[in-house]
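So the structure is just underneath, and the comments pick up after that.
Numbering (this note's numbering), first residue to last: 127 to 238.
Okay, here's the thing in structure tokens:
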């Protein structure tokens, strides 16, 4: 349990130092039409997040089952397949409290 708390603290510190929590949605990105509560959403609801398919949705659920509720959206960075850049895209659509209100796949422009 202590190790998990330490990992979460480090991940949050890295995310905050990198400015992830302060990044606005990319220019040209659509405004969020809802949020997904990553603590209560099922796999189908998680797949409404941009760049989240069945495999990443399942890893989010497995991470949540193993480690408990997400305390902050930035903790998604601890899930394999979600790095800082992906989190920047997800952040406007993610919540750790409240109802899941995003009911269709959120799309963002591909900036590759």
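Heads up, the beta-carbon is just placed ideally off N, CA and C, and yes, glycines get one too.
Residue i in three-state terms, based on DSSP
i           : result
residue 221 : strand
residue 168 : coil
residue 193 : helix
residue 215 : helix
Cβ-heavy atom distance, residue i to the ligand GTP, below 7 Å
i           : result
residue 162 : This structure lacks the ligand GTP; in fact it carries no ligand of any kind.
Beta-carbon spacing of residue i, residue j below 8 Å
i           : j           : result
residue 123 : residue 165 : Only positions 127 to 238 of the chain appear in the structure, and residue 123 is not among them; the question remains open.
residue 214 : residue 203 : no
residue 184 : residue 169 : yes
residue 180 : residue 233 : no
Own chain, CB closer than 8 Å to residue i, minus 5 neighbours either side, in chain order
i           : result
residue 230 : 159 and 174
Same chain only: Cβ atoms within 6 Å of residue i, ignoring 5 sequence neighbours per side
i           : result
residue 205 : 185, 186 and 189
Close Cβ partners of residue i (< 7 Å) along its chain, the five nearest in sequence each way excluded
i           : result
residue 225 : 163
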